[in-house]
Structures are given as C-alpha cells and as structure tokens.
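> In the working numbering, the protein residues as written are 1248 to 1510. Heads up, the beta-carbon is just placed ideally off N, CA and C, and yes, glycines get one too.
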Amino acid sequence: MKGPATGAGIIEIKSPSQLQIMRQAGRVVQELLEHLKRSVKPGVTTLELDELALGTLTRLGARSAFKGYHGYPANICTSVNDEVVHGIPSRRRLKAGDVIGVDVGSIVDGYYSDAAVTLSVGEISAEAQDLMNVTEDALMLGIDQAREGNRLSDISNAIQTKVEAHGYSVVREFVGHGIGTQLHEPPQIPNYGAPGYGPVLKAGMVLAIEPMVNTGRAEVRVLPDGWTAVTKDGSLSAHFEHTIAVTGREAEILTGSRKKPRS
Ligand code: MF3
Ligand code: CO
1248 MKGPATGAGI IEIKSPSQLQ IMRQAGRVVQ ELLEHLKRSV KPGVTTLELD ELALGTLTRL
1308 GARSAFKGYH GYPANICTSV NDEVVHGIPS RRRLKAGDVI GVDVGSIVDG YYSDAAVTLS
1368 VGEISAEAQD LMNVTEDALM LGIDQAREGN RLSDISNAIQ TKVEAHGYSV VREFVGHGIG
1428 TQLHEPPQIP NYGAPGYGPV LKAGMVLAIE PMVNTGRAEV RVLPDGWTAV TKDGSLSAHF
1488 EHTIAVTGRE AEILTGSRKK PRS
C-alpha cells in the first residue's frame, strides 16, 4: 500500500473463527501463485497472466482483492524489471532475462489475503537472482520478528538491515499493512526504521509484510497510468509479500510456508 501517512489506528485482533476464514483466503492466494509460477515464461503476456488469475480465483470461489480497489483496473499486479509495484497487466510480452513481480489478493467470505513473489523469466542475470534472494530472505527475517511481545518496527528493522547489508535499497513510499475485512487496515509497516518502536505485537494480529527492494537508489516515481511505480534510476526492483498471523510463538504464514533465509 501507499504510505507512510496517517499510521495511527486500532490494530484488530482476529478471533479463531475469523482466522479460520483468513486461512482459506490465504490458501486461495497460495494456489493462485502456484499457477502463475508455472505460467510465467518467455512469450507470455502479463494480460494472459491476469486472465489466468481471474479464472483461478473464480474456480476457487474467491474474488480479486485488487480489481476496482481505488479504481485499479485489473485482477493482479504484474511489475516487470524496473517496475516496483502496481504494474497493470497489458499486452507486454515477457522475455528471457526479465524479472516479474506478481502481486495477488483474494477475498473469501469478506476476508482478504495478499501476497507477492518475484519470478525469473528464463535465464536471468546473477545480480537479478541475488536481488530476488535477498528480498525474499529479508521478508522471512521480517516475519521472524513478527512475534508476540516484539514491537512493530522490529519487523521493519530486520528487513532494512538485511537489504542494506547486501548494498541494495529499501523503497520508502510503499509499506506493508494490517489486513482483514479490508485490504489495508492499521498498522502501516515500513520496511525500514530503528527497532523497538511502534505497537507491541499481539496474538491474533494479521499483517501483510511486503519489502520492495531496488539494486540502485530507493526513489520511485509513478507512471502517467496513475499506478505503475518504477525506480527513478531505472534499476531493477523485487517485491515479496506474505500475509501472516501473529501467534504466541512463531508467526503463522497464511499465504505460504516458511523458508529458511539463505544466509
Ligand atoms: N500488495 C499491494 C498493496 O498492499 C497490492 C495493492 S494493488 C491495488 O498495496 F491495486 F489494490 F492497489
Ligand atoms: Co499488500
């Protein structure tokens, strides 16, 4: 989501029955991402991916969380190379060497789920692969900090520390968010900041954590389509996101499974 701006607001604690529905919404997102992963290859257009997503969501009895959101025109976001987030599916054809961020969201029985991965198209450069690995690892390290009793900015700090240790930069203009009966609920979750600040995390909070990382400078601009955010310097960008539930122990990843960071 776009941020930071207002920040404040009550962070809802989901009941066990609400969490049960959010698990279903998360499973839909997981299955959809699996389909999309198999379909991303040279020659495919991003609009074809969008159509596949609509078909899968419909078959699973879900709706897109993004279509119509503040007028967003498609079912998923597809962000290629220097596109950071919110790329609109089009007749653009993927080619070998591209990286594509695929961001998807579902609504099941009124509850939302949100996740993203960045995928390689054919053979990609070593730098692109490293960027993807570091961004995914940063997400996992952030999720590791999403523990009852920790503070919100412990997540932010873990992500920033990992990213900057590899010489990459964290995008500031977009942040993670709470999620539930709305796509974006409090709190906003920046991917940077000192540890030990912000609300104390409690079991039942559901958060969408989503680092966006550039090989070059952090600054982004939005294209005239009003949505697509690109790096100002044209450098490559990657984006990974999971919806997670805070518990008494390690977080429950609603949109996938835990992956050990590579380093
Ligand atoms: N994961 C993105 C976000 O939280 C997806 C939003 S796409 C939009 O901002 F189209 F719905 F805005
Ligand atoms: Co999100």
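At a threshold of 7 Å, does residue 1240 count as lining ligand 1 (C-beta to nearest heavy atom)?
Nothing in the structure corresponds to residue 1240, since the chain is present only between 1248 and 1510.
> With DSSP collapsed to three states, give me the class of residue 1294.
In the structure shown, residue 1294 sits in a helix (DSSP, three-state: H, G or I).
> Can you name, in chain order, every residue of its own chain whose Cβ lies under 7 Å from the Cβ of residue 1357, other than the five neighbours on each side?
If we look at residue 1357 and ignore the five residues flanking it on each side, its Cβ neighbours are 1428.
> Could you say which of 1339, 1307, 1420 lies nearest to residue 1457 if we only look at CA atoms?
Checking every option, the nearest Cα to that of residue 1457 belongs to 1420.
> Is there at least one non-hydrogen atom of ligand 2 closer than 7 Å to the beta-carbon of residue 1424?
Because some heavy atom of ligand 2 lies under 7 Å away, the Cβ of residue 1424 counts as near it: yes.
> Residue 1505 to residue 1337, Cα distance in whole Å?
If you take the alpha carbons of residue 1505 and residue 1337, they lie about 32 Å apart.
> Start and end of the beta strand (DSSP E) containing residue 1424?
From DSSP, the beta strand (DSSP E) with residue 1424 extends over 1423-1425.
> Per DSSP, what kind of secondary structure is residue 1459 in: helix, strand or coil?
Three-state DSSP puts residue 1459 in a strand.
> What is the DSSP secondary structure of residue 1409, counted as helix, strand or coil?
Helix at residue 1409.
> With distances taken between CB atoms, is the gap from residue 1332 to residue 1486 smaller than 8 Å?
Cβ atoms of residue 1332 and residue 1486: closer than 8 Å.
> I'd like to confirm the pairing. Which residues does DSSP put opposite residue 1325 in its beta bridges?
Its beta-bridge partners are 1349.
> I need the DSSP call for residue 1356, collapsed to helix, strand or coil.
Coil, per DSSP.
> Count the C-beta pairs between the stretch 1269-1286 and the stretch 1359-1367 that are closer than 8 Å, then say yes if the count reaches three, no if not.
The stretch 1269-1286, when compared against the stretch 1359-1367, does touch it at the 8 Å Cβ threshold.
> Taking residue 1484 and residue 1374 to be in contact with their CB atoms under 8 Å, please state how far apart those CB atoms are, rounded to whole angstroms.
With 8 Å as the limit, residue 1484 and residue 1374 do not qualify as a contact, their Cβ atoms being about 12 Å apart.
> Let's test the definition: count the other Cβ atoms within 10 Å of the Cβ of residue 1447 and tell me whether it reaches 16, buried, or not, exposed.
It counts as exposed.
> Which residue or residues does DSSP assign as beta-bridge partners of residue 1420?
DSSP output for residue 1420 lists no bridge partner at all.
> Check residue 1486 in the structure and name its three-state DSSP category.
Of the three classes helix, strand and coil, the one that applies to residue 1486 here is strand, per DSSP.
> Specify whether the stretch 1368-1382 and the stretch 1390-1398 touch according to this definition: at least 3 beta carbon pairs, one from each stretch, less than 8 Å apart.
In short, these stretches do not touch, since the Cβ pair count stays below three.
> On the criterion of 16 or more Cβ atoms from any shown chain inside 10 Å, does residue 1257 qualify as buried, or is it exposed?
Label assigned to residue 1257: exposed.
> Output the boundary residues of the alpha helix (DSSP H) element that contains residue 1502.
Neither: residue 1502 is in no alpha helix (DSSP H) and is coded neither H nor E.
> Using 8 Å as the threshold, is the C-beta distance between residue 1309 and residue 1359 below it?
No. Outside cutoff.
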